[in-house]
Structures are given as C-alpha cells and as structure tokens.
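Enquirer:
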Amino acid sequence: MALLRHTTDDVVERQALTVNPAKTCQPIGAMYAALGIHRCLPHSHGSQGCCSYHRSTLSRHYKEPAMAATSSFTEGSSVFGGQANLLQGLNTIFSVYKPDVVAVHTTCLSETIGDDIPQIADAAVAKGFVPEGKRVIHCNTPSYVGSHTTGFANMTKAMVDYFSTSTTDEKIDGQVNIIPGWVEPADMSEIKRLVKLMGLDGITFPDTSGVLDAPLKSEYNMYPDGGTTIDQLESTGDSAGTIALGPICSGPAAEALKNKCQVPQETLPLPIGLRATDIFIQALRKYNGGEVPAEITAERGRLVDLVSDMSQYFYGKTVALWGDPDQLVSLTQFLVDLDMRPKYIVTGTPGKAFLRRIGEVLGDSVKEVIAKQGPQADMLYLHQLIKREKVDLLIGNTYGKYISRDEDIPLLRHGFPIIDRIGHQYFPTTGYRGAMRLCEKILDAFLDRQDRDSPEESFELTM
Amino acid sequence: MTTTQILADRRAHIHEKGTAPFNIACEKQSVAGSVSQRACVFCGSRVVLYPIADALHVIHGPIGCAAYTWDIRGAWSSGPQLHRMSFSTDLQEKDVVFGGEKKLYQALVELIEHYRPKAAFIYSTCIVGLIGDDVEAICRRVSAETGVETIPVHSEGFKGSKKDGYTAACNALDQLVGTGDTTGISPLSINILGDFNIAGETWVIKDYYKKMGVDVVATITGDGRVDDIRRCHGAALNVVQCSGSMTQLAMKMKQEYGIPIIRVSYFGIEDMSKALYDVAEYLNDKTVMKNTQNLVRDEVSNLVPQLRKYKHDLQGKRAAVYTGGAFKALSMIRSLRTLGMKTVIAGSQTGNKQDYKRLQELSDEGTVILDDTNPLELAKFLEEKKADLLIGGVKERPIAYKLGLGFCDHNHERKIGLAGFEGMLNFAKEVHGTVTSPVWKLASLRDRLVDRHRLLDGDRSRNGNRFVEGGNAS
C-alpha cells in the first residue's frame, strides 16, 4: 500500500499550505550551533515543548544526549513576558549545570511577546546569577522567519557578536577562522584535518566534533571534550582571515567578524564534492604561502581515480535532491561533475539567492532542471514532480523515504535530519575523502538496485 | 540523603524509600532553567489524537511544530495513512503581524477538498494563542461549508504541560462522541481507551477481547477511526489505559452516557491478566469469563517457560524506569520483577500524587522516586544506584548508553510491541539483549585489559560453548 497514494502527478499551485515540509524552524539550528561551543548549555527561551522537540530531534539524528535548558513558559509568561523565567533560568543553570557559556535563543512565542534578551541577561548579571568568567550570549530566532539554517547562522553570528575581539592591528599570520556551517561532527573534524594538513592554525566555530560524536567512556559528561573554547572564539578577531563555508549558515558570521574586527572574509560553497573542495583548498593556500601538501594532492588524485572507475555507471543518471541550500548547491555541482543529471532540487528554506546559485553551478543544463524554494517547496511538491517524470536516485534526509518506497527509487541519505539510520555522524562527506564516500554510496545504490532487479540470465558476478 | 547534588527546588520532587515519610512534590511547573525531559500542551494533544488515521491533522503555526511531529509515533493503522502526513500553515512573519486566519481557512478548504477526510483536527500552537486567531470561528465556517467536521484543538504550548494537552485532546474527541448511530452494539462491548497501537499493540489487545467474546466498539486512539469514535457511547464499558491521557474523556462519557470506567495496564503478566479478568468480571457473562480463563491460562502457560532462560541471566540486575506518567511505571516494576530484576529508580515526567504513592508502596526500600527529573540528576542516580538498565524514551537512550548501561524504549519509539503476553516475551528479549550485550564489556578499560582466558569465560556465559571447538585455532 502506498503511503503517499494520495499524491497525484498533478502539480497543484498552493498558496497557504505546506505538506510534508523540507525544512524545520530556526531554534533547533541555534541549539545545534550552540552545542559547538565548549562547555555551553543552549537555552530555549519559550515553552517547554520547543526545547523537548529540538533535543529529541538532535538526539534522533546524532544519537547523542543533546543538552539544553528551557524557560518553561506558562500562561503568565505569555501575558507578562518571560523575564522572570529567564532570570530564574539563568540562576538555576549556573548553580546546577555549571556551564561556561549559556547560549539563549528565542522562540516564536518569546519573540512575539518581545522579550529583550540582552536586557534580561544584564539584569541576571546585576543580580549575581552569572558567576565570574561565565558568559551569556543570545540570538533571536523567530520560528516564522527563514528555517533551521537561519537559526544556525544567527547563533554562529552571535558567537562573533559576543566573543570576537581584535586586540592588535597586526593579524596573526597563519591563523584562519573556519566557519563550517551545518554539517555533521565528522565533517567538522575532516575540515579541521585539511586545515591542519595545510599547515595552518584554524579556529573552527562552531565545532560540534567531540560533542555530538563523543566516545563512550562509561561515564556521563554533560559537557564532552569538544567544542570551540571561549579563548578561541575571542581570538577569531585577531585571525588573518575567515573562510565561511556556505553563505546561508556561515556567511552572516563572517560578515559580522569583518565589520567588527576587520578580519577579511571569503564565503565559499560547502566543500562537498571535488570542485567545492578545490575552492576550499585554494582559499587556504592564500594563508600558507601557497603550498599544497602531497597528502592532499594524493587524496584528490585518488578521488579522481575513483570517479574514473565509476563514471560509466554515473553517466546520465537523474537525481532529485532536497534539503538545505548550502548542501544542495555543492551536491548539485558534484553530481554534474560526476556526469549525472540533477533534475529536481527543492528546499523549504526561503530565499531567491538559492535559485541563482543553483543556476550558476548548472550553467547551460539549468533548462532541464526544476528548482524551487520556500514554503510550498515541500516533499509533496517534489513527489508530484517525480510522479510526472521519474528519477534514478533520491538524495536527501530521512523524509524522502516515503517517496523512495512508493516510487521504488533508491535513497541516499544526506543532510539533516537522518533519523532512520545510524553512523552518518561519524563519516564525513566533505573534503576529497568525503567525496569518495559519496561516490561509493551512490554507486552502491545503483548496483544494489541492478542486482535486485536483473533477471537471472543477466545477473552477473562482475559488474 | 544521598551524595547526589540536588538543586534545592528539586529536592521535594525526589524521594528515597525508607529515608523519610513519603510526600513527593509533583504536578508542578518545571523550574525554569531545568533541562527538563518534559514537553508542552501541543505535544500532549498531538500524540493523543495523532493515531486517528482517517482524520486530517493540520498544525496551525510556524513550521517547527509540524516538522517535529511528522510521523514520529509508530501508531500503526490497518487502513488509511492520512495521519502520517504533515500539514502546516507554515506561518511567516507577515502572518504573525496580520493574523493567520485567512491562511488557515484557505489551507483547510484546499486540504478537505483534496483528501475528503472523515474529520479534521486543527491544532493551535503558541503563536496562534498570542496573535489571537479565531480558530473556532474558522472551524465552524469550514465545517459548514465543506460538511466535514472541523474541530479546533486548543493546544497552545505555553498553556500548561503535556497533561493539559491531553485535556485539549479529550475535549476535541468529545465533540465526536455521541454523534453516531449505536444500533446493533452488543451489551458485551467495550471501548479501548489510551492505547495508541505503537508497534501494533492495540491489535494484540483487541484480539484478546475478541477471543473472550467481547466486541470492541472503538479504539481510542490507536488505529482509531472517526466513525467508531462517533458511536463509542454505545459501548457497555470504557477500559482505560495510560490513565493520564484518557481519563477525562472516560469521565465525560460516564457523566453523559453513564458508561463505567475501569483502569488497566496491558504490560506484564499480572497486569495484563488482571485487565482481562476485570473486563470479564464487569461484563458478568459466564461464557466471557470461561473464555477469559482459558485465554489467560493458555497464554500464561505458554509464556512462562519461555521467560525462564531470560530470567536466569537477568536475576538480580538493577533497573531504572523513567516514563511519561507514573501509572505505567507500576507495570514496569512488576514486569521487571517477573524477570528477576530489581527497580532501583522509578520516575516520571508528569505523574500524580496518587500514582507516586502506589509506586512508592510497590517499590523496595532504597528505591529512588523522581518527578520531572533532568539528565544530570538521572545520570548521577543511575551511577549511584548501580543500575544495569534504563527504561525511558528518546532523550534518555543516549544517556544510558554513555554510561554504559542497557536501554529499553518503552515510549513512542518502541519498535516491537511490549503490550500483552507476547509483548512480555518481547520485553524480556529486549531487556536481555541490552543488559547482557557484550558492548558494555568492550566499553570498560578494565575488561579490555584482562587476559584472554577470562574473556573466553565471560563470553561463554552468554554464548554457550561457542569458543570451545575453535578454541585452539589461534
């Protein structure tokens, strides 16, 4: 029985309705970003449910405890404002959970009530609720603006607003800020590895590696070892430059840092796939004197070698993609480089720049592609397109599994959230090695399908 | 009382049996700033109504509330799958400023025309309560225009706790109850309330009742149908599980239609058997009673020998239980006892005083009882009480694993039915699998460094003589 059997190939224009969304709301992004600060407790200033949903979703995806506190709004708070809740909240947090940083984000409720978070945080300091050396930072994350990626960007920018400090006119040679965007903890590790191989001192923020992929040590640490430290965040103001990976998630922070501390910035595509990784490595060369170590060159060579082995299978294959704009642009570029044909590209995150960026990577082949953004760019819309004309492969988060099943199309899980498979958080898809893994997964999907479907006479041992 | 550091405001919510007279604080708003495991009003309404499979569920608010509750609860349906779709008005900034009524109206008309559902539930989220959309008026208008009953659910997140969401859900259901034709309903009939068909559990229970000769008029809400709910006031008895969510609907039906209530649990041999006997006793029919005796005898005699081997390995192991309501924890403690295990921590997100009192009475000396706990507190008690197993939900699982303990999901995300007699066997297997998993040994440095002989011994206890034959191979 088809789960989505209601879906027809008739693409109906809808005005007021999102069906099976290809996005979620801002606060969860702020929470994920905040977990990338060392010893930071995210705080959700709103109703209890928001915090619970975000923590559950993060736990479902990362398979890790996701810690965050909540202001636990009541009917009273919605009338009189949430100041009393946040004050009590900060007092509770610092006396019981003892974080170094509390990162407050708002919700649609507190945002609409109009709570002034910096003013409340100042009041908490005045009341002595914030111990010496501890910090409270905040960002506004109205759920009715943008998407989860916007929330990630806002909290990352808050790290600059609150911490980055320029102490000298001379920037530190070889110290580069890397803003990795919303990627898996393993991607953050991979990006850091590449920066290190390039001989640079990188400050990566936020950095959820070591936080949301912490080892099992038979003890419970509310604050695992990972995360960007306050010292590192402060020092970003003295770095020689900033490389922002992904304009949506990382661009605003890089721009803020440039304005605040005059750190030059470059906003690049997320380094998913060969070309985007090339761009990243090129950008790093500006800071290390131009050297590219043999190890990285070899990794790139291995990727190209792998693609050459696989290219015969990739040729002309059509793909539907959904998810977050920064991921989709780089993935689209990579698919084109693999000689595949992205056909439908959908993101719930509103913003017309997405279509322009997709157009840029597609070049002439843009005519054959349908790309859509915003509230009605949802999974129902995508399904209708696929019903009209099928594709060979789906790439996106778990929410594509219904379409995958109903249309019998293989699904490569990528992005957020992935709540029906385990392990993705440990294996990067960024960098040359990440690209190799993507290639392997794509080809496995095609060949597994071929093995499943081929009649006995053409079912072959070597393929 | 213990070495665990406890926030002053939390102290009253924790009781260690035998240390003081029992007087636990509960049913209170969480302390602001807590890393509470609780959710909101919307969550309460959403989980209760969600399994009604032929209704349209539309979430009026920004996208998050719809995204986070899209098909997260494995409440299986034997027919329509409409409940598994996620519909949202996806409110944007301009809607928050100018109101979302128009958008909601348009969305409902579009959806109802397309899906022709049996009824529609419209969930209000925080923001709707604040901007003051008149959802009731829109529902009335849409009902009148489309002929499909469109029911507002007053589930603004900030208006209380998850429990208040249950109330809102019961009020919404109450609009349906009493609107259908009850002709032909047998006097030997019941409604199943408060089972949500997670992993097909309602079907297991329904099948028992069928074997007893009892008709089930409506399952509320597991594998639920609008038309069944409309006529469920024709049943002779309301059998209520998960008392937190459904008691209010049952109470209303008692007042309006005089339908009596019995409260049951379907978890564990004792509680499962008692549930069936209680129903049979109430219906006071000889054949039903005879059938029930046969059913329970057959099931129990089939089950008990199968539990033996699990009990053998689990004897004396220590468990912690953290559930949504406290009533369920009672069944857990009994089921764990059946497996030879001792419950050292028992708690819930939203238990009431009466349930906590029973929990306390059922517990052993030294058992810690927790209301609305947080991960830090829970983790410290798990270590202090040397638990081998935690039973809880999605947010508790990784905490248990990090500590190197077994975990069993007894919440929305259980994937194997744990209700009924066959559920007890599943429960035993699941608990056995996780408590005796070799991974916990791998985790400990001490065990990693022991000599090979001891490792082999350790493995033998779990895997029989697997290593004996090939023991010299290396």
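Protein sequences, first through last, are from chains A and B.
In terms of this note's numbering, the first sequence is residues 1 to 463.
In terms of this note's numbering, the second sequence is residues 1001 to 1474.
Ideal Cβ positions, reconstructed from N, Cα and C, are used throughout, including at glycine.
1. Tell me which residues of the stretch 127 to 151 of chain A have at least one Cβ-Cβ distance to chain B shorter than 9 Å, keeping chain order.
2. Three or more beta-carbon pairs under 8 Å between the stretch 1246 to 1256 of chain B and the stretch 1200 to 1208 of chain B, yes or no?
3. Fully enclosed by the stretch 369 to 398 of chain A, which alpha helix (DSSP H) runs are 4 residues long or longer?
4. Do you know offhand how far T1019 (chain B)'s Cα is from R1011 (chain B)'s?
5. Cα-Cα, which of B:R1414, B:V1048, B:D1388 is closest to G1222 (chain B)?
6. CB I1190 (chain B) to CB V1239 (chain B), shorter than 7 Å?
7. Tell me whether A445 (chain A) sits in a helix, a strand or coil according to DSSP, three-state version.
8. Can you pull the chain A neighbours of S1245 (chain B), defined as C-beta to C-beta under 8 Å?
9. Return the CA-CA distance between E1361 (chain B) and D1355 (chain B), expressed in angstroms with no decimal places.
10. With 7 Å as the threshold, decide whether the Cβ of E1469 (chain B) is near any Cβ in chain A.
11. If you scan the stretch 1118 to 1197 of chain B from start to end, which runs of the alpha helix (DSSP H) of 4 or more residues do you find wholly inside it?
12. Using a beta-carbon distance cut-off of less than 9 Å, what residues from the stretch 39 to 63 of chain A approach chain B?
13. Check for me: the beta strand (DSSP E) holding I1391 (chain B) runs from which residue to which?
14. From the DSSP output, which residues share a beta bridge with D1215 (chain B)?
15. Do the stretch 1160 to 1167 of chain B and the stretch 1088 to 1105 of chain B make contact, defined as three or more Cβ pairs closer than 8 Å?
16. Which residues, in chain order, does the stretch 66 to 84 of chain A contribute to contact with chain B at a C-beta distance below 7 Å?
17. With a threshold of 8 Å, are at least 3 pairs of Cβ atoms found where one atom belongs to the stretch 41 to 52 of chain A and the other to the stretch 392 to 410 of chain A?
18. So R14 (chain A) contacts chain B; which residues on that side make the cut at Cβ distance below 7 Å?
19. For a contact defined as C-beta to C-beta under 9 Å, what are the partners of L1526 (chain B) on chain A?
20. Under 8 Å between beta-carbons, which chain A residues line up against V1031 (chain B)? List them in chain order, please.
21. If you follow the beta strand (DSSP E) that T1323 (chain B) is part of, which residue opens it and which one closes it?
22. Is P215 (chain A) close to chain B? Criterion is C-beta to C-beta, closer than 7 Å.
23. Name, in chain order, the residues that DSSP records as bridge partners for C40 (chain A).
24. If you draw a straight line from the alpha carbon of S1030 (chain B) to that of S1036 (chain B), how long is it in whole angstroms?
25. What residues from the stretch 1350 to 1378 of chain B come within 7 Å of chain A, judged by C-beta to C-beta, listed N to C?
26. Of all Cβ atoms in chain B, is any one closer than 7 Å to the Cβ of V211 (chain A)?
27. Cβ closer than 7 Å: which chain A residues qualify as neighbours of P1062 (chain B)?
28. Please work out which residues of its chain come closer than 7 Å, Cβ to Cβ, to I1399 (chain B), disregarding the five sequence neighbours upstream and downstream, and give them in chain order.
29. Kindly indicate which three-state DSSP category S1036 (chain B) falls into: helix, strand or coil?
30. If I follow the unbroken alpha helix (DSSP H) through P142 (chain A), where does it start and stop?
31. Take E1299 (chain B) and list the residues in its own chain whose beta-carbon comes closer than 7 Å to its own, dropping the five residues that flank it on each side.
32. S218 (chain A) touches chain B at which residues, Cβ-Cβ below 7 Å?
33. Given that a residue counts as buried once 16 or more other Cβ atoms are within 10 Å of its Cβ, and exposed if not, what is I422 (chain A)?
34. Could you check what DSSP says for S56 (chain A) in three-state terms: helix, strand or coil?
35. What's the gap between the Cα of V346 (chain A) and the Cα of F152 (chain A)?
36. Do you know whose CA, among A:L87, A:L194, A:K387, lies nearest I281 (chain A)'s CA?
Expert: In terms of the structure at hand:
1. P142, S143, Y144, V145, S147, H148
2. no
3. 379 to 388
4. As a position in the second sequence, residue 1019 (chain B) is number 19, starting the count at 1. As a position in the second sequence, residue 1011 (chain B) is number 11, starting the count at 1. Answer to the nearest angstrom: the Cα atoms are 13 Å apart.
5. For this step, residue 1222 (chain B) is matched to residue 222 along the second sequence. Looking at the Cα atoms, B:V1048 is the closest of the given residues.
6. Here residue 1190 (chain B) refers to the residue found at position 190 of the second sequence. Here residue 1239 (chain B) refers to the residue found at position 239 of the second sequence. Result yes, Cβ atoms of I1190 (chain B) and V1239 (chain B) sit closer than 7 Å.
7. Residue 445 (chain A) sits at position 445 when you count from the first residue of the first sequence. Note: A445 (chain A) maps to helix in three-state DSSP.
8. Within the second sequence, residue 1245 (chain B) is the residue found at index 245, counting from 1. What S1245 (chain B) touches in chain A: nothing, since even the nearest Cβ is about 16 Å away.
9. Stepping through the second sequence from its first residue, residue 1361 (chain B) is reached at position 361. Stepping through the second sequence from its first residue, residue 1355 (chain B) is reached at position 355. Using only the alpha carbons, I get a separation of about 10 Å.
10. Here residue 1469 (chain B) refers to the residue found at position 469 of the second sequence. Any reading at E1469 (chain B) needs caution, since the residue's pLDDT is 41, under 50, leaving its predicted position unreliable; the model's value is listed next. So no, E1469 (chain B) is outside the interface.
11. 1126 to 1131, 1135 to 1146, 1162 to 1176
12. L41, H43, G46, S47, Q48, G49, C50, C51, S52, Y53, H54, R55, S56, T57, S59, R60, Y62, K63
13. Along the second sequence, one-based indexing puts residue 1391 (chain B) at 391. Run containing I1391 (chain B): 1389 to 1392, per the beta strand (DSSP E) assignment.
14. Numbered from 1 along the second sequence, position 215 holds the residue referred to as residue 1215 (chain B). DSSP lists B:S1189 as partners of D1215 (chain B).
15. no
16. M67, A68, A69, T70, S71, S72, F73, T74, E75, S77, S78
17. no
18. Translated into positions along the first sequence, residue 14 (chain A) becomes position 14. Correct list: E1110.
19. Past the boundaries of the shown model lies residue 1526 (chain B); chain B is included only from 1001 to 1474, so the question cannot be answered.
20. Residue mapping note: residue 1031 (chain B) aligns to position 31 of the second sequence, counting from 1. Going along chain A in sequence order, the residues near V1031 (chain B) (Cβ under 8 Å) are S72, Q88, T92.
21. Within the second sequence, residue 1323 (chain B) is the residue found at index 323, counting from 1. Element bounds for T1323 (chain B): 1318 to 1323.
22. As a position in the first sequence, residue 215 (chain A) is number 215, starting the count at 1. Not one chain B Cβ lies under 7 Å of P215 (chain A).
23. Taking the first residue of the first sequence as 1, we reach residue 40 (chain A) at position 40. C40 (chain A) is bridged to A:V101.
24. Within the second sequence, numbered from 1, the residue matching residue 1030 (chain B) stands at position 30. Within the second sequence, numbered from 1, the residue matching residue 1036 (chain B) stands at position 36. In a straight line, the C-alpha of S1030 (chain B) is about 7 Å away from that of S1036 (chain B).
25. P1375, L1376
26. Within the first sequence, residue 211 (chain A) is the residue found at index 211, counting from 1. With 7 Å as the cut-off, V211 (chain A) does not count as an interface residue toward chain B.
27. In the second sequence, the residue the question calls residue 1062 (chain B) occupies position 62. Chain A residues near P1062 (chain B): C25, C108, S143, Y144.
28. Taking the second sequence and counting its residues from 1, one reaches residue 1399 (chain B) at position 399. Excluding positions up to five away in sequence, the list reads P1375, L1378, A1379.
29. What you label residue 1036 (chain B) is simply residue 36 of the second sequence in a count that begins at 1. Of the three classes helix, strand and coil, the one that applies to S1036 (chain B) here is coil, per DSSP.
30. Indexing the first sequence from 1 puts residue 142 (chain A) at position 142. Counting along the chain, P142 (chain A) falls outside any alpha helix (DSSP H), and DSSP gives it neither H nor E.
31. By one-based count along the second sequence, residue 1299 (chain B) stands at place 299. Excluding sequence neighbours, E1299 (chain B) sits near F1421.
32. Looking up residue 218 (chain A) in the first sequence gives position 218. What S218 (chain A) touches in chain B: L1403, G1404, A1443, S1444.
33. Mapped onto the first sequence, residue 422 (chain A) falls at position 422. Exposed: under 16 other Cβ atoms inside 10 Å.
34. In the first sequence, residue 56 (chain A) corresponds to position 56, counting from 1. It is helical.
35. Counting from one through the first sequence, the residue named residue 346 (chain A) turns up at place 346. Counting from one through the first sequence, the residue named residue 152 (chain A) turns up at place 152. Cα to Cα, the separation comes out at about 20 Å.
36. As a first step, residue 281 (chain A) must be located in the first sequence, where it is residue number 281. Checking every option, the nearest Cα to that of I281 (chain A) belongs to A:L194.
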